[in-house]
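A.B. asks: First residue of the sequence shown? That's 47 in this note's numbering, and the numbers climb one at a time after it.
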Amino acid sequence: MRIKFTPELMGFMSVFQRITNANLKDCFVDDNLALTFVVGTGELGKALGKKAINISKLEQAFKKKIKIIEFHEDIKKFIRGLVYPSKIDELDIQENVVTIQPSDTKSRGYLIGRAASNLRNYEKIVKRYFNDIEEIKIM
């Protein structure tokens with residue numbers, strides 16, 4: 047799958063890099079209408095800034111909800127970062143299906159979302175980088 051950037055997204059990326067100085071890998075608007083930035087491995091702290099000041103600056107500049115995710119080649123680390131701050135006890139991958147066991151009912155509810163909207167959003171983001179994944183299930 048090829049990733050294409052609109053002029054608007056290119057502008058967002060430019061401002062993001064100017065504010066954070068972080069190595070930016072990708073940018074998109076997710077299904078929950080959050081402007082999502084994916085930074086390189088080890089760049090999350092730099093992207094957030096001290097006391098997450100950069101998130102506030104970016105949300106003010108773009109007037110949108112911002113989410114920053116750190117990319118990892120290891121799909122399990124990527125998914126844990128994607129669903130943070132939800133607490134996960136277990137994460138398993140078998141036959142192209144990711145199974146997540148949340149720690150508590152609050153985390154389970156957040157991971158699924160109303161009418162499974164959060165779950166489908168996570169699936170779409172994971173499939174963007176890991177083509178072999180077909181589905182994410184919450185136990």
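Don't be surprised by glycine CBs; every beta carbon is placed ideally from N, CA and C.
Do I184 and P148 have their C-beta atoms closer together than 8 Å?
C.D. replies: yes
A.B. asks: For the beta strand (DSSP E) that P148 lies in, which residues bound it at each end?
C.D. replies: Secondary structure note for P148: its beta strand (DSSP E) is the uninterrupted segment V143 to P148.
A.B. asks: Between which two residues does the alpha helix (DSSP H) holding I114 run?
C.D. replies: Counting along the chain, I114 falls outside any alpha helix (DSSP H), though it belongs to the beta strand (DSSP E) covering I112 to E116.
A.B. asks: Relative to the alpha-carbon of H118, which residue among N78, D72 and T52 has its alpha-carbon at the smallest distance?
C.D. replies: When each option's Cα is compared against that of H118, the closest is D72.
A.B. asks: Name the DSSP bridge partner or partners of V75?
C.D. replies: L81
A.B. asks: Along the chain, where does the alpha helix (DSSP H) that runs through E169 open and close?
C.D. replies: S163 to Y175
A.B. asks: Measure how close the beta-carbons of A80 and I112 come, nearest whole angstrom, since I'm counting them as under 8 Å.
C.D. replies: About 7 Å; that satisfies the 8 Å criterion.
A.B. asks: Check for me: the alpha helix (DSSP H) holding K92 runs from which residue to which?
C.D. replies: L90 to L94
A.B. asks: Take I134 as the anchor and find which of I115, Y156 and E116 has the nearest alpha-carbon.
C.D. replies: Y156
A.B. asks: Per DSSP, what kind of secondary structure is E136 in: helix, strand or coil?
C.D. replies: strand
A.B. asks: When burial is assigned at 16 or more other CB atoms within 10 Å of the CB, is N188 buried or exposed?
C.D. replies: Here the chain has residues from 47 to 185 only, and residue 188 is not among them.
A.B. asks: Quick one: measure Cβ to Cβ for F62 and L104, integer angstroms, because I've assumed they're closer than 8 Å.
C.D. replies: 6 Å
A.B. asks: DSSP on I184, reduced to helix/strand/coil?
C.D. replies: Note: I184 maps to strand in three-state DSSP.
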